[in-house]
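Asks: Below is the structure I would like to discuss, written out as structure tokens.
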Amino acid sequence: MQEATQPYTVSNDIIGDAPALQSRLSADGYLFFKGCGPKEKLLAARRDVAGLLTAAGWIDPRDPMSTRWSGAGPYTEGEQAYMDVYRKIIHLPSFKAVPEDSVFMQLMSKIVGGDAMLHRLRIGRITFPSNTGQTTAAHQDFHYIRGTPATYTVWQPLGDCPLDLGPLTVLPATHTKGFIEHSEDKSKKYASMGLTEAQLPASGPWLCNDFELGDFVLFHSYTIHKALPNLTSDRLRLSTDNRFQKAGDSISEVSQGTHYNL
Ligand SMILES: O=C(O)CCC(=O)C(=O)O
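In the numbering used here, the protein residues as written are 457 to 718.
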């Protein structure tokens, strides 16, 4: 059974209201939007990624869009077999087009109060079933991203992502605690730097809910978050996470390159 979470507050009603967006983000450390993402572009990216996964033999070729696991692997980010496929994914024009959509650029401009800039770093995740030990651990993106702390991640699945497929969960208002030193979990094959249970501030329940196509969550670089495990027996989770900041603010080298410099 999936761990208990409370649903995100939906912010569709304030998507055009810069002061309201800033005020809610500053209080909660995150904003969740229902169905506001670019659905056609998300589906186009899903189709192209599924094509690569079919060619790799990771999913059932009879219905690639359902990303039904073939039984190959499970593979994890960092492993050669995964990286060989991942290199192709992050250079797909359809994959790169998702975060460039005007919905994000306009929303982010309202949030940063000026011209928003999308990092060149465009991350994709393929999360296998039967691999729960490699679920992304609790962390703050600032550990990995650096630059200005006023950097915001948009996480969204490429398609529906019900709770049992392991969407992203956020610990609300934790950005107010500042940056917490991360420690290494040697059992993790990627993103091994994270926060232990003992380091987590007592700040209320983890938030999550089923994600449908076009739903996304965005959060501050100090906001603590993690993935829920993919508990399905036979589905791969496809998602993308992209970061934005105010143009001209400090930016690290890592955010200006491709993921793993692939
Ligand atoms: O999708 C995941 O498993 C991790 C994503 C994440 O941690 C992020 O977007 O910062």
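Even for Gly, the Cβ is constructed at its ideal location relative to N, Cα and C.
Between which two residues does the alpha helix (DSSP H) containing Lys495 stretch?
Replies: Lys495 to Ala512 is the extent of the alpha helix (DSSP H) around Lys495.
Asks: For the beta strand (DSSP E) that Ala683 lies in, which residues bound it at each end?
Replies: Residues His681 to Ala683.
Asks: Roughly how many angstroms lie between the CA atoms of Met457 and Lys495, to the nearest whole one?
Replies: Roughly 29 Å between the two C-alpha positions.
Asks: Rounded to the nearest angstrom, what separates Pro549 and Ser558 at their Cα positions?
Replies: Distance between the alpha carbons of Pro549 and Ser558: 16 Å.
Asks: Just curious, the alpha helix (DSSP H) that Leu563 is in, first and last residue?
Replies: Per DSSP, Leu563 belongs to the alpha helix (DSSP H) from Ser558 to Val568.
Asks: Less than 8 Å between the CB atoms is what I'm expecting for Leu692 and Ile545, so what's the real figure, rounded?
Replies: Between Ile545 and Leu692 the Cβ distance is about 12 Å, and since that is not below 8 Å, they are no contact.
Asks: When DSSP builds the beta bridges, which residues end up paired with Leu674?
Replies: Note: Leu674 sits in a beta bridge opposite Leu487 and Val610.
Asks: Could you please give the first and the last residue of the uninterrupted alpha helix (DSSP H) stretch that includes Val541?
Replies: First-last of the alpha helix (DSSP H) with Val541: Gln536 to Ile545.
Asks: Report buried or exposed for Glu533, applying the criterion of at least 16 other Cβ atoms within 10 angstroms of its Cβ.
Replies: The residue in question, Glu533, is buried, as its Cβ has 16 or more Cβ neighbours within 10 Å.
Asks: His575 lies in the alpha helix (DSSP H); which residues open and close that run?
Replies: Note, His575: premise wrong, no alpha helix (DSSP H); beta strand (DSSP E) at Ala572 to Thr583.
Asks: Where does Ser711 fall in DSSP's three states?
Replies: Looking at Ser711 - three-state DSSP - the assignment turns out to be helix.
Asks: State the CB to CB distance for the pair Val505 and Leu614, rounded to an integer number of angstroms; the pair is presumed to be in contact (CB under 8 Å).
Replies: Contact holds; Cβ gap of about 6 Å.
Asks: Going by other Cβ atoms of all chains shown within 10 Å of its Cβ, with 16 needed for buried, is Gly569 buried or exposed?
Replies: Exposed.
Asks: Measure the CB-CB distance between Gln590 and Phe635 and report whether it falls below 8 Å.
Replies: Contact: no.
Asks: Give the secondary structure of Gln458 by DSSP, where H, G and I count as helix, E and B as strand, and everything else as coil.
Replies: Reduced to three states, the DSSP call for Gln458 is coil.
Asks: Just curious, the beta strand (DSSP E) that Phe700 is in, first and last residue?
Replies: Start and end: Arg693 to Lys702.
Asks: Look at the Cβ atom of Tyr464, then the Cβ atom of Leu663, and state whether they are nearer than 8 Å.
Replies: Cβ atoms of Tyr464 and Leu663: closer than 8 Å.
Asks: Excluding five sequence neighbours on each side, which residues of the same chain lie with their C-beta closer than 7 Å to the C-beta of Phe598?
Replies: Counting only Cβ-Cβ distances below 7 Å, and skipping sequence neighbours, we find Pro605, Phe635, Ser677 and Tyr678.
Asks: Terminal residues of the continuous beta strand (DSSP E) containing Val466?
Replies: Per DSSP, Val466 belongs to no beta strand (DSSP E) and is neither H nor E.
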